[in-house]
Amino acid sequence: MKVAFPGLTSIQSAGLILGVIGLFVPLLLPLDSLSVAGQLSLGIFFMAAIFWMFEPIPIFATSMLVILLQIVLLSAQGPVYTNAELPVDKPVTLEDHNWQIPSSAIRDDETIIVAVAPGETESIEVEIIDRNGKHVIVRSTELTSDHAVITRPEHRLVNYKPNSYTDYLGTLANPIIILFLGGFMLAEASVKYNLDKNLTRYLLHPFGSQPRFIVLGLMLVTAVLSAFMSNTATAAMMITVILPIIAQLEPGDRFKYGLALSIPIAANIGGITTPIGTPPNAIVIAALTEYGISISFTDWIIITAPLVLVMLLFSWWLLLTLFPPSVKRFQLIMEGTFSLSPKAVGLYVIFGITVLLWVTENSHGIPSSMVAFLPVAALVTGGILNKNDIRKLPWEVLWLMAGGISLGIGMDKTGLAVWMISAMDWSSLGYIALILAFSAVAMIMSNFLSNTVTATLLMPLVISLHVSGIMGDQFNLVITGVIIAVACSLAMALPISTPPNAIAMSTGIFRTKDMAKMGIIIGIVGVMLILAYAIFFWPLVIN
């Protein structure tokens, strides 16, 4: 029997039930190695993932709910942790390394937990000598009189120092949100003054009027731009290019889904190409440099460009297969001239300066999000956009991304992200299995977390595996680092997976399931391609 709540389909109703169950399940499981805060964060993670997939409530509403739950359940000012104090007691020293401690401090496996620093604890194994009511005598050479023994090992403050609620609310002003806002305002102004149509005329002219080659042209232009500038900014600009094309299609033409999806896919893949294309690339290179291995700008391109080209061509073919065009040619409107009104000229100047600063970010060092505030301020100061234009911006996307950023902060602060990574015994895997495991873990995590956070968490593990020598001579540190960077960028199954995905989702042209279908297929093929390159190509170009 199907169950459906009022206003929801059966699938949405099932998603609502599963999401609520997912919120509480981690608290009922024996996850001793995960802090109470980590279990709460895992519940929020399960709920958010299910809600984002089944959409029982709007996806931006899920993000708002995530932020609320984190403030209430995880922040220092929330009811769970307000005025909470870690229950501790000083051990009483006896003779022969014997100590008297409260009986409640002993865990089932005859270990105790001691406080090291705020939010930090460590476990100490002890030998029980005698039990005497509320106290127990133990022997330990590690325990000292300076230690504070935690009398309730299951306490919610064990292994967790709650952060301020402002860390979660602050995601609404996160630099990536400002970068989004700048891109949205440029896009809105471009539509208002027909700059998008003029850009369409010049960018697509070399690719003719056949739909398949128009998609190819869009993807190539987007990928090249994303290789040298923020893929978020690229996606924001290129979305304005496709809107006039989509407007010419019939309402039921599925080809418009492919057009809209081509932009985030190409932006995500194109960012792999250069060290500055996306943060995971820089994180991997920085980690390798610290270890004494340097990779030049050109070397990185040689390593990644062949894979990028293959993935672009495959994605192009997949888009045309899943969302075939219903017409053989587009009657593109290539007429029109650039407006020379003062406000339009002001837009061109602001647009040009912003793009130039984005493209040359590596030279002048001004962060792209800082540059993005130029159009935010200049477009309204110059009267190019008015209050009605501002109201039309897709604010729900900013909430969507803020929720995703907040979720990543919670998983990081509570130790959940590290716990998820450490759950697997990496040393027991062979080389091929290790490549597949790292690729899959990086891709899965990046679909829900920032790919920057994912790369930051995985690279120390990669380096520790190399240093330990567990994997033997077959383990190549550089290749494994490249695998992490590439896999993070190929994670694009959800609107929150990458900023370009969220930007494309803001158009309202396609549904989440269309993006998920493309993202899952690209992810699976991407993992297989990573494996092939790691075995046959990268060993030839990486020493």
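Heads up: take any position in the sequence shown, counting from 1, add 32, and you land on this note's numbering.
Backbone N, C-alpha and C fix where the C-beta goes; we use that ideal spot for every residue, glycine too.
*asked:* Could you compute how far the alpha carbon of Met-475 sits from the alpha carbon of Ile-333?
replied: 21 Å
_Tell me the rounded alpha-carbon separation between Thr-605 and Ser-478._
A query on residue 605 cannot be resolved here, the shown segment of the chain reaching from 33 to 575 and no further.
*Would you be able to state if there are at least three C-beta pairs under 8 Å between the segment 215-230 and the segment 414-423?*
yes
*asked:* I need the boundaries of the beta strand (DSSP E) containing Ala-279, first residue and last residue.
replied: Looking at the DSSP string, Ala-279 is not in any beta strand (DSSP E), and its letter there is neither H nor E.
*Using the DSSP secondary-structure output, state which residues sit across from Thr-630 in a beta bridge.*
Shown here, the chain extends from 33 to 575; a query on residue 630 therefore has no answer.
*Where does the unbroken beta strand (DSSP E) through Glu-428 begin, and where does it stop?*
Counting along the chain, Glu-428 falls outside any beta strand (DSSP E), though it belongs to the alpha helix (DSSP H) covering 427-445.
*Expressed to the nearest angstrom, what Euclidean distance is found between the alpha-carbon atoms of Met-33 and Leu-201?*
With a pLDDT of only 48 at Met-33, under the threshold of 50, the placement of this residue in the model should not be trusted, and no figure is reported.
*asked:* Judging by CA-CA distance, which residue of Leu-72, Asp-546, Leu-497 is the nearest neighbour of Leu-461?
replied: Leu-497
*Over what stretch of residues does the beta strand (DSSP E) that includes Asp-162 continue unbroken?*
159-164
*Going by the CB atoms, is the gap between Val-148 and Glu-157 shorter than 7 Å?*
no
*Using the rule of at least 16 other Cβ atoms within 10 Å of the residue's Cβ for burial, across every protein chain shown, is Ile-567 buried or exposed?*
exposed
*State the DSSP-derived secondary structure class of Thr-183, mapped to helix, strand or coil.*
coil
*Rounded to whole angstroms, how far is the Cβ of Tyr-323 from the Cβ of Ile-467, which I believe are closer than 8 Å?*
Wrong, their Cβ atoms sit about 19 Å apart, outside the cutoff.
*For Val-170, write down the residues that DSSP places opposite it in a beta bridge.*
Trp-131, Ile-160
*Can you grab the Cα-Cα spacing for the pair Ala-487 / Val-514, in whole Å?*
10 Å
*Could you give the DSSP three-state label for Thr-125: helix, strand or coil?*
strand
*Hey, how far is the Cα of Phe-383 from the Cα of Pro-374?*
14 Å
*Any idea if Trp-570 is buried or exposed, counting beta-carbon neighbours within 10 angstroms, 16 or more meaning buried?*
buried
_Three-pair Cβ contact test at 8 Å for the segment 40-49 versus the segment 81-93_ = yes
*asked:* Between which two residues does the alpha helix (DSSP H) holding Ser-478 run?
replied: 463-480
*Return the residue from the list Val-510, Ala-116, Ile-82, Leu-105 that minimises the CA-CA distance to Ile-325.*
Val-510
_Nearest-angstrom Cα separation, counted from Ile-99 out to Gln-109_ = 14 Å
*Rounded C-alpha distance that separates Ile-398 from Thr-305*: 21 Å
*asked:* Suppose you measure from the CA of Lys-166 to the CA of Thr-125; what does that come to, to the nearest Å?
replied: 16 Å
_Please tell me whether Ala-622 and Val-120 are closer than 7 Å, where the distance is taken between their beta carbons._
In the structure displayed, the chain extends from 33 to 575; residue 622 sits before or after that span and is not available.
_Considering only their Cβ atoms, is the gap separating Leu-55 from Gly-75 smaller than 7 Å?_
yes
*Can you check whether the CB of Ser-471 is closer than 7 Å to the CB of Ala-519?*
yes
*Classify Leu-275 as helix, strand or coil using the three-state DSSP reduction.*
helix
*Where DSSP assigns a beta bridge to Val-120, which residues make up the other side?*
Ile-182
*asked:* So, for Gly-442: in the same chain, excluding its five sequence neighbours on each side, which residues have a beta-carbon less than 7 Å away from its beta-carbon?
replied: Ser-73, Ile-76, Gln-102, Leu-106
*asked:* With distance defined between alpha-carbon atoms, name the residue in Ser-400, Glu-174, Ser-371, Thr-203 nearest to Tyr-225.
replied: Ser-371
*Answer with buried or exposed for Trp-349, where buried requires no fewer than 16 other C-beta atoms within 10 angstroms of its C-beta.*
exposed
*Helix, strand or coil: how does DSSP classify Gly-303 here?*
coil
*Out of Pro-312, Trp-431, Leu-493, Ala-465, which has the shortest C-alpha to C-alpha gap to Gln-506?*
Ala-465
_Runs of 4 residues minimum, wholly inside the segment 508-564: which ones carry the alpha helix (DSSP H) assignment?_
509-521, 531-537, 544-564
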